[in-house]
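Beneath this line is the structure, given in structure tokens, with notes to follow.
There are 2 protein chains.
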Amino acid sequence: MRADKGIEKIVVVGGVAAGMSAASKARRNLPNCEIKVFEQSEHVSYGACGLPYYISDVIHSPDNLVVMSAGQFKEKRNLDVFIRHRAESFDARKKTVTVRNLDTDRVFTETYDKLIIATGAGAVLPPFARRKRDGVFALRNLADGMRIRYFIEQQKPKRVVIIGSGYIGLEMAENLKLKDMDVVVIEKLPQVLPNIDADMAALVQQELEANGCRVKTDSEVESIEGDNKVTAVRLASGQKIVCDLVIVSIGVRPNTAFAVSGGVSPGRTGAIAVNQKMETNLKDVYAAGDCAEAFHTVLGKPVFIPLGTTANKQGRIAGDNASGKFARFHGIVGTAVVKVFKQEIARTGLTLFQAEQAGFACTSVSISGHSRAGYYPGGKKIQVKLVFEKENGRLLGGQLVGGEGVSKRIDVLATALQQKMTVEELTQLDLSYAPPFAPVWDPLLIAANQAVKK
Amino acid sequence: MRADKGIEKIVVVGGVAAGMSAASKARRNLPNCEIKVFEQSEHVSYGACGLPYYISDVIHSPDNLVVMSAGQFKEKRNLDVFIRHRAESFDARKKTVTVRNLDTDRVFTETYDKLIIATGAGAVLPPFARRKRDGVFALRNLADGMRIRYFIEQQKPKRVVIIGSGYIGLEMAENLKLKDMDVVVIEKLPQVLPNIDADMAALVQQELEANGCRVKTDSEVESIEGDNKVTAVRLASGQKIVCDLVIVSIGVRPNTAFAVSGGVSPGRTGAIAVNQKMETNLKDVYAAGDCAEAFHTVLGKPVFIPLGTTANKQGRIAGDNASGKFARFHGIVGTAVVKVFKQEIARTGLTLFQAEQAGFACTSVSISGHSRAGYYPGGKKIQVKLVFEKENGRLLGGQLVGGEGVSKRIDVLATALQQKMTVEELTQLDLSYAPPFAPVWDPLLIAANQAVKK
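Line by line, the protein sequences give chains C and V. Counted the way the working numbering counts, the first sequence spans residues 1 to 454. Counted the way the working numbering counts, the second sequence spans residues 1 to 454.
The structure is reproduced here in structure tokens:
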């Protein structure tokens with residue numbers, strides 16, 4: 001059987017968001033090409049972002065999170081997916097990948113015409129969290145989620161300390177509160193959610209505290225106590241917080257060991273440098289997803305912001321290019337949203353702090369609006385902050401915190417950022433209005449009008 | 001006391017959305033200028049879009065709909081607002097307006113330096129609905145709303161026929177169903193909601209029927225029966241629908257009599273023609289809101305689409321320019337949203353039908369997606385339709401029908417239309433994602449990806 005376009009074999013390393021997107025896209029383009037995916041864990045193609053909700057039983061089964069199994073990929077898309085197979089290194093000259101079967105420990109070599117690296121990112125573990133100890137977890141993959149849930153069901157912990165207050169940390173705070181635990185969140189910076197501005201983060205901290213979580217900012221963890229099982233977390237201040245569960249969520253770093261083994265260059269962020277076609281510095285070697293950089297169109301440079309949306313998009317682009325089509329990824333603007341109890345928190349572009357750090361001559365406005373017409377029942381407060389350049393009014397970023405209607409409102413600002421719109425252009429937007437959905441002046445327009453005045 | 005910038009007196013005709021926005025804006029710019037507003041009804045500055053919800057008692061009091069009373073405008077903004085004063089004509093050469101006090105019937109003349117016409121639009125009443133008869137209503141202003149609610153409370157009607165299935169008609173269907181009435185909606189076209197495409201409208205009709213409303217499309221009303229009080233509606237087909245309440249909601253037309261009296265030219269739509277500064281053909285005479293046209297940036301021509309959002313924006317722009325500042329209204333893209341029971345229906349730009357009528361070489365895609373990650377509880381279906389030019393992929397319009405998250409998703413498309421984006425650019429949008437708010441591939445992105453394939 002003749003393969004298409006001279007591409008006879010594609011090897012994909014990593015089988016979650018980017019990897020399976022790439023493989024699926026390549027298969028659509030090349031019905032006859034051999035496509036092998038190697039995934040070191042037991043699970044492929046699952047919704048990692050759902051893990052906090054699985055742990056609290058909002059989502060009942062890990063099966064709900066799995067889009068397709070390895071077997072289904074074979075059956076429906078003719079993709080050969082090998083779980084518990086770790087790709088350990090590759091040789092770009094010989095075009096071979098060395099793979100270890102983790103069940104048999106057998107090591108073998110695969111050839112490739114095109115190689116797609118989608119090795120993801122791993123949780124950063126500080127030294128004090130590296131020792132094996134019952135009750136100390138990071139949450140990164142499905143196996144982590146299953147272990148945490150099993151631990152909770154078996155051990156019924158009462159007091160959890162969450163180290164780090166990024167998205168995962170705060171989602172875990174909410175979901176473990178749902179399990180009736182005492183929740184303490186430790187953050188070494190002066191605010192929670194370090195990638196929004198402090199004034200907006202204050203609203204998030206209020207929400208955490210209103211729901212019974214304790215939040216300790218400006219607090220560094222010195223050690224975790226307990227011999228086989230965690231008993232407490234000790235802070236640099238000397239304070240000891242008794243607990244029987246610790247979640248470490250201080251960030252992630254890209255898994256680049258495989259890529260580097262074959263000569264792929266990381267960028268300045270530490271993640272794999274790629275161009276718009278998701279090509280690395282090596283011919284016929286692509287990278288996509290959490291292991292790779294993405295170009296930030298507002299900052300004008302590559303960044304490491306690993307998110308599922310970007311991983312899926314980059315995976316498709318890599319899959320297209322690796323299978324002989326032409327596709328480009330234009331970059332990201334840094335959009336994200338998180339639910340914390342009854343508040344929705346969203347951000348896009350640069351915060352005021354980030355914009356100032358990046359050297360923009362910028363300013364901001366912050367307004368309080370409503371999600372619905374004032375007279376329509378059930379509306380919630382929405383706080384909107386816009387960051388923009390002083391001289392020309394170009395939008396640089398936006399942040400929203402509110403009780404509803406936040407997630408898709410941030411998307412309007414994300415679209416505006418992609419289009420390099422000014423706040424004056426924002427005031428002209430013909431946004432939808434009906435009393436159940438928005439005030440006649442949407443909070444975004446109120447903020448934009450304020451920005452123009454300034 | 002010296003007035004500012006040589007503008008000593010501004011007269012505003014009409015005191016609802018556009019009129020009061022204009023007056024308020026002018027006051028902010030010119031603290032000392034004399035500003036008089038004449039409003040023929042008893043109410044100023046109320047949220048007309050909330051009226052269907054007031055009628056069903058979702059909103060309890062008309063006071064909830066009123067933003068500010070005439071007295072409060074005087075007190076807080078030093079605006080002289082005269083209710084029950086009808087401006088009957090004006091003389092652009094002499095710069096005078098003739099006003100009738102409807103309580104005393106006294107007629108007097110006011111001079112002006114700048115005149116802002118915000119006379120709104122009135123309900124279209126077909127011949128069969130013009131005779132005075134108990135139980136037959138149009139819903140256009142606050143007095144209409146109060147009359148309908150009073151009639152319902154007094155007469156306790158059991159069966160309502162709603163003639164016309166635009167936004168108001170469908171909102172009334174929902175709200176009168178809430179009052180336990182039998183609801184029949186009559187539409188002369190083959191579909192409900194004529195400004196979305198038939199395939200999307202079918203979903204809306206399903207929702208109406210699922211909630212117990214009867215919908216009769218392709219049905220023309222011939223007459224309303226009953227001597228002093230409505231007893232039935234008779235269709236052209238001969239069918240008689242017994243009822244004790246009729247709501248006529250077949251559309252509105254701009255109130256231009258006052259404008260025309262002084263020589264203002266209507267545009268081809270019948271509404272008042274204005275430029276970007278909201279200037280009419282006459283010097284120092286502005287028009288804004290439901291009586292005026294708006295430039296449709298996708299169609300590239302003026303249209304008559306009277307909506308509260310546009311009225312407020314146009315009012316501010318007119319107020320700015322009439323008070324010596326410079327401001328421009330860049331136009332609309334035709335965005336609207338309506339709630340019908342548990343469905344949200346939104347549209348922006350052109351429908352496929354409208355785009356074809358306008359001569360675009362265009363096509364469309366329609367996809368079914370979800371409002372949340374598939375595994376996250378509570379998500380709802382969302383249908384997305386995109387209309388775009390065949391050759392270059394430029395977006396021409398979008399329509400959404402779904403159980404949640406529709407209103408702000410349409411705003412992304414409205415922003416894209418303002419920026420003349422292509423469907424390829426849409427696929428690159430960095431939209432927000434978290435399981436409670438969106439799937440990792442937002443329905444908008446799925447639709448855009450489909451469009452690019454096509």
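The beta-carbon is built from N, C-alpha and C at its ideal position, and this holds for glycine as well.
Which of the three DSSP states is assigned to residue i in this structure?
i, result
"A288 (chain C)", "coil"
"F151 (chain V)", "helix"
"L79 (chain V)", "coil"
"C213 (chain V)", "coil"
"A26 (chain V)", "helix"
"I305 (chain C)", "coil"
"T427 (chain V)", "helix"
"Y53 (chain C)", "helix"
"I196 (chain V)", "coil"
"R2 (chain C)", "Summary for R2 (chain C): the model assigns pLDDT 44, below 50, so the residue's position carries little reliability, and this model does not support an answer."
"I250 (chain V)", "coil"
"P62 (chain C)", "helix"
"Q461 (chain V)", "No answer is possible for residue 461 (chain V): the residues shown for chain V start at 1 and end at 454."
"I410 (chain V)", "helix"
"R84 (chain V)", "coil"
Within 8 Å (strictly less), CB to CB, does residue i reach chain C?
i, result
"T309 (chain V)", "yes"
"Y112 (chain V)", "no"
"V457 (chain V)", "The first residue shown for chain V is 1 and the last is 454, placing residue 457 (chain V) beyond what the model contains."
"Q418 (chain V)", "yes"
"R159 (chain V)", "no"
"S24 (chain V)", "no"
"N321 (chain V)", "no"
"D430 (chain V)", "yes"
"P443 (chain V)", "no"
"G50 (chain V)", "yes"
Is residue i close to chain V? Criterion is C-beta to C-beta, closer than 8 Å.
i, result
"T104 (chain C)", "no"
"M172 (chain C)", "no"
"V337 (chain C)", "yes"
"F437 (chain C)", "yes"
"M181 (chain C)", "no"
"H370 (chain C)", "no"
"S407 (chain C)", "yes"
"Y346 (chain C)", "According to the sequence shown, residue 346 (chain C) is Ala rather than Tyr. It does; some Cβ of chain V falls within 8 Å."
"A373 (chain C)", "yes"
"L65 (chain C)", "yes"
Bridge partners of residue i, per DSSP?
i, result
"I117 (chain V)", "V:V13 and V:A287"
"S366 (chain C)", "C:K385"
"G397 (chain C)", "C:G349 and C:V387"
"G402 (chain V)", "V:E344 and V:I382"
"K229 (chain V)", "V:D134"
Going by other Cβ atoms of all chains shown within 10 Å of its Cβ, with 16 needed for buried, is residue i buried or exposed?
i, result
"N321 (chain V)", "buried"
"V44 (chain C)", "buried"
"G300 (chain C)", "exposed"
"N255 (chain C)", "buried"
"R2 (chain C)", "The predicted position of R2 (chain C) is uncertain, since its pLDDT is 44 and thus under 50; a value taken from the coordinates is nonetheless stated next. Answer is exposed; the Cβ neighbour count stays below 16."
"Y46 (chain C)", "buried"
"S368 (chain C)", "exposed"
"N141 (chain V)", "buried"
"D455 (chain V)", "Any answer about residue 455 (chain V) is impossible in this case: the structure gives chain V only from 1 up to 454."
"S21 (chain V)", "buried"
Say whether chain D places a C-beta atom closer than 8 Å to the C-beta of residue i.
i, result
"A201 (chain V)", "Included in the structure are the protein chains C and V, with no chain D among them."
- [ ] Pair every Cβ in the segment 71 to 83 of chain C with every Cβ in the segment 53 to 60 of chain C, then say whether three or more of these pairs are closer than 8 Å.
- [x] no
Open item on the list: Would you call the segment 318 to 338 of chain V in contact with the segment 346 to 355 of chain V, where contact means no fewer than 3 C-beta pairs closer than 8 Å?
Closed with: yes
Task: Contact between the segment 312 to 320 of chain C and the segment 249 to 266 of chain C (3+ Cβ pairs under 8 Å) - done: No, the segment 312 to 320 of chain C does not touch the segment 249 to 266 of chain C.
Open item on the list: Using 8 Å as the cut-off, can you tell me whether the segment 414 to 425 of chain C makes contact with the segment 405 to 422 of chain V, which would need three or more C-beta pairs spanning the two stretches below that distance?
Closed with: yes
Open item on the list: Any contact between the segment 288 to 307 of chain C and the segment 393 to 413 of chain V? By contact I mean 3 or more CB pairs, one from each, below 8 Å.
Closed with: no
Open item on the list: Contact between the segment 208 to 225 of chain V and the segment 125 to 141 of chain V is defined here as three or more beta-carbon pairs at a separation below 8 Å; is this criterion met?
Closed with: yes
Open item on the list: Would the segment 281 to 292 of chain V count as touching the segment 112 to 120 of chain V if we require 3 or more Cβ pairs under 8 Å?
Closed with: yes
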